[in-house]
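Quick note on my numbering: the sequence shown kicks off at 82 and runs consecutively.
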Amino acid sequence: MAPKRPVPLGWGLRVSKVWDIRLEILSHKITFDEAAFKYSESSTAFSGGKMDPIFKGHDMDEIFDEAAFALEIGEFSQPVETSIGYHIIQRTG
Numbered sequence: 082m083a084p085k086r087p088v089p090l091g092w093g094l095r096v097s098k099v100w101d102i103r104l105e106i107l108s109h110k111i112t113f114d115e116a117a118f119k120y121s122e123s124s125t126a127f128s129g130g131k132m133d134p135i136f137k138g139h140d141m142d143e144i145f146d147e148a149a150f151a152l153e154i155g156e157f158s159q160p161v162e163t164s165i166g167y168h169i170i171q172r173t174g
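Given below as structure tokens:
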């Protein structure tokens, strides 16, 4: 599957790195907060990836929305590709 937009590290390398980060989180080598601070390019990096509450169908990219609301509370998503990049989502509420 081709990327929807150019990605600085190259699509294959970028998605591979996101899977590696997820594995670090799941194996407790790094917390979600630490991973967000260390790797995220989002403005939420400085808050450990924490976002304001989102509401289904109103706030986010549709793909992000679907992935986030499919999770159980506390669960981590597989890497999710949206129009702005790759994400690992942890549902907290």
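Glycine is no exception: its CB is placed at the ideal position from the N, C-alpha and C atoms.
Per the DSSP calculation, residue i is bridged to which residue(s)?
i          : result
valine 193 : A question about residue 193 goes unanswered here, because the residues of the chain that appear run from 82 up to 174.
Just checking my contact of residue i with residue j at CB under 8 Å: how many whole Å lie between their CB atoms?
i              : j                 : result
isoleucine 154 : threonine 125     : No, isoleucine 154 and threonine 125 are not in contact; Cβ-Cβ is about 19 Å, not under 8 Å.
tyrosine 120   : isoleucine 102    : 6 Å
glutamine 159  : phenylalanine 113 : Actually they are not in contact, since the Cβ atoms of glutamine 159 and phenylalanine 113 sit about 14 Å apart, beyond 8 Å.
Return the CA-CA distance between residue i and residue j, expressed in angstroms with no decimal places.
i                 : j              : result
valine 88         : glycine 166    : At valine 88, the pLDDT of 40 sits below 50, so the modelled position is not reliable; the number obtained from the coordinates is stated separately. Computed Cα separation, rounded: 8 Å.
isoleucine 169    : aspartate 133  : 16 Å
isoleucine 106    : glycine 130    : 13 Å
phenylalanine 127 : glutamate 115  : 10 Å
phenylalanine 118 : isoleucine 111 : 11 Å
leucine 104       : threonine 163  : 20 Å
isoleucine 144    : glutamate 122  : 19 Å
valine 161        : lysine 137     : 16 Å
Inset, instruction - Report yes or no: do the segment 140-152 and the segment 94-101 share at least 3 C-beta pairs separated by less than 8 Å? - result: No, the segment 140-152 does not touch the segment 94-101.
Inset, instruction - Please specify which runs of the alpha helix (DSSP H), each continuous and at least 4 residues long, are wholly inside the segment 89-152, giving them in chain order. - result: Counting only runs of 4 or more residues that sit fully inside the segment 89-152, the alpha helix (DSSP H) segments are 92-107, 113-120, 143-151, in chain order.
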